[in-house]
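Chains R and F, in that order, are what the protein sequence lines are. So the first sequence is numbered by the numbering used here: it starts at 1319 and just counts up by one. So the second sequence is numbered by the numbering used here: it starts at 8 and just counts up by one. By construction, the Cβ of each residue, glycine as well, lies at the ideal position given by its N, Cα and C atoms. Predicted model, so just to flag it, every value in this text is computed and none were measured. Heads up: the structure comes next, in structure tokens.
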Amino acid sequence: MIEAITGRYMRLELEGRAHRLYFEEAGQGIPLLLLHTAGSDGRQWRGLLNDAEVTSRFRCVTFDMPWHGKSSPPEGWERETYQLTTARYTGMIMAVARALGLDRPVVMGCSIGGRIVLDLAAEHADELRGVIGLQSAAFLSPYYDTSWLHHPHVHGGEVCGGIVSGLIGPHAPDASRWETLWHYMQGGPGVFRGDLHFYKGEGDLRPKLARIDTKRCPVHMLTGNYDYSCKPEDTEATAAAIPGAKVQIMKGLGHFPMSEDYAALRPYLLPVLAEFT
Amino acid sequence: MNIAGLPARAAAAPGLARWGRDLTADVLFSVGDAAWILAIHKGVLISANPAPALMPSYDLAIRAGAEDFARFLQDPPPPGWHDIMGLVRLGTFKVEGNIALFMSHIFWFKGVLALLREPRA
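Have a look at this one:
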């Protein structure tokens, strides 16, 4: 059986530097741009990209961020420390949307992706049809020393997989659980930690929430109740600061709902997608 | 919580020793006021005996608060108490000493402590 997903590469400039990015897509219709979590890649969206009920109405696109998955870092990477920032992240998403000709896409992201959609809603409302944040909160405090994720005495793949393993809900199918962790184990050295620079530090979006107008850019937030990184109360506190934001707490799911257990995410997600026409 | 039976359960757990294949250490594990020494050789849990009251010797200490660890042991555990990193976020699970040992073998430590949940007491 050959899946309907196609993968291609694009070349584009980000912050004045040449990049070669990998992206996958499936379906036709309303553009739906999908953002993976920190330290992983677009394979997390395999369930959705194989869901005919979604791809019959949406052109679903996911790209691997630079340094992630099959997207290489830019030339000269060996001389720098990778760190994701709010401006860099928003800039790359909008650049990819423009490069692929996505007209007012719905943008759905998880974790760091669920965070950055709040920035997109604040800064680019008129260029979007709406945003969906999975495991989304405007800010989270660090609760462990992330330097261990990039340390010469610790295997980076095993520690990145191990540190996030408990964020998956206990009822997730084993195959999906371990595939999700495998993606983490394949991350490049220091990349997960570099993403967390945004997630647990620089990317505090609380001051921007008041600027989000959900009449111009609807905001949906879906959070699994087994996520102890972005807890339901973190999402609810963020939503409380965005008039009109819609929240669902998803029972049994953890931090990677689209990858750990797409079948369990689906009943929550399909009614949200149905609101976009 | 059946600590005495933990070495046998760890030996029977598929793949656990592989996650600790280079882990050889004496680890002090405490829950509230009770403490044990987990003696580990190449990922095999050799023994789990009560720690000596006087001058216990160990390479790494992992210390759990009694109340939250009891919730961790529930089957199924409540959301947020289902993984030791969840307890870390709550501030009631501490890793002290040679932390590289813990981070290098985090799957082993998560796996062996989760075995305390089974079989149900």
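Closest Cα partner of A41(F) within the set D66(F), F76(F) and D29(F): F76(F)
Beta-carbon neighbours of W1466(R), restricted to chain F and to distances below 8 Å: I106, A107 and M110
Assigned exposure category for Y1546(R) - 16 Cβ within 10 Å defines buried: buried
CB contact check: D75(F) to chain R, cutoff 9 Å: no
Below-9 Å beta-carbon distance, V34(F) vs any chain R residue: no
Inter-residue CB distance, I113(F) and V1477(R) (contact presumed, cutoff 8 Å): 6 Å
M1319(R) burial status per 10 Å Cβ neighbour count (16 or more: buried): That one is exposed.
Best match in N1368(R), S1389(R), T1403(R) and R1338(R) for proximity to K1518(R) [C-alpha to C-alpha]: Of the candidates N1368(R), S1389(R), T1403(R) and R1338(R), the one whose C-alpha sits nearest the C-alpha of K1518(R) is T1403(R).
Identity of the residue in G1572(R), G1448(R) and I1481(R) nearest P1460(R) by Cα: The residue from G1572(R), G1448(R) and I1481(R) with its alpha-carbon nearest to that of P1460(R) is I1481(R).
W43(F) - containing beta strand (DSSP E), residue span: For W43(F), the uninterrupted beta strand (DSSP E) segment begins and ends at A41 to H48.
Helix, strand or coil at T1408(R) [DSSP, three-state]: Assigned with DSSP and collapsed to three states, T1408(R) falls in helix.
Rounded C-alpha distance that separates L1352(R) from D1463(R): Annotation: L1352(R) to D1463(R) spans about 29 Å, alpha carbon to alpha carbon.
Three-way DSSP call (helix, strand, coil) for A128(F) in this model: Confidence at A128(F) is low in this model, with a pLDDT of 47, below 50, so its placement is unreliable and the value that follows should be read with caution. Coil.
Contacting residues, own chain, Cβ-Cβ under 7 Å from S1483(R) (five flanking each side not counted): L1499
Beta-bridge partners of D1513(R), as assigned by DSSP: Beta-bridge pairing links D1513(R) to no other residue.
K117(F): contacting residues in chain R (beta-carbon distance under 8 Å): G1480, S1483 and G1484
Assigned exposure category for H1471(R) - 16 Cβ within 10 Å defines buried: exposed
8 Å CB neighbourhood of D29(F) in its chain, flanking five on each side removed: K49, G50, S111 and H112
Where the alpha helix (DSSP H) containing H1501(R) begins and where it ends: D1492 to M1503
Cβ contact (3+ pairs, closer than 8 Å) linking the stretch 82-101 of chain F and the stretch 1544-1564 of chain R: yes
Against chain R: residues of the stretch 84-95 of chain F by CB proximity under 8 Å: P84, P86, G87, H89, D90, I91, M92, G93 and V95
Chain F contact residues for K1276(R), given Cβ-Cβ distances below 9 Å: Nothing in the structure corresponds to residue 1276(R), since chain R is present only between 1319 and 1595.
Reduced DSSP secondary structure (H/G/I, E/B, other) of I1450(R): strand
Nearest-angstrom beta carbon gap, V38(F) and A71(F) [assumed within contact, 8 Å]: Taking 8 Å as the upper bound for CB-CB distance, A71(F) and V38(F) are in contact here, some 5 Å apart.
Length of the line joining the Cα atoms of A128(F) and L1523(R): Unreliable positioning characterises A128(F) in this predicted model, as indicated by a pLDDT of 47, which lies under 50. The coordinate reading is nonetheless provided below. When rounded, the distance between both Cα atoms is 46 Å.
Coil, strand or helix - M8(F) by DSSP: Coil at M8(F), not helix or strand.
Beta-carbon spacing of G1487(R), G1542(R) below 9 Å: Closer than 9 Å, so yes.
Coil, strand or helix - R1584(R) by DSSP: helix
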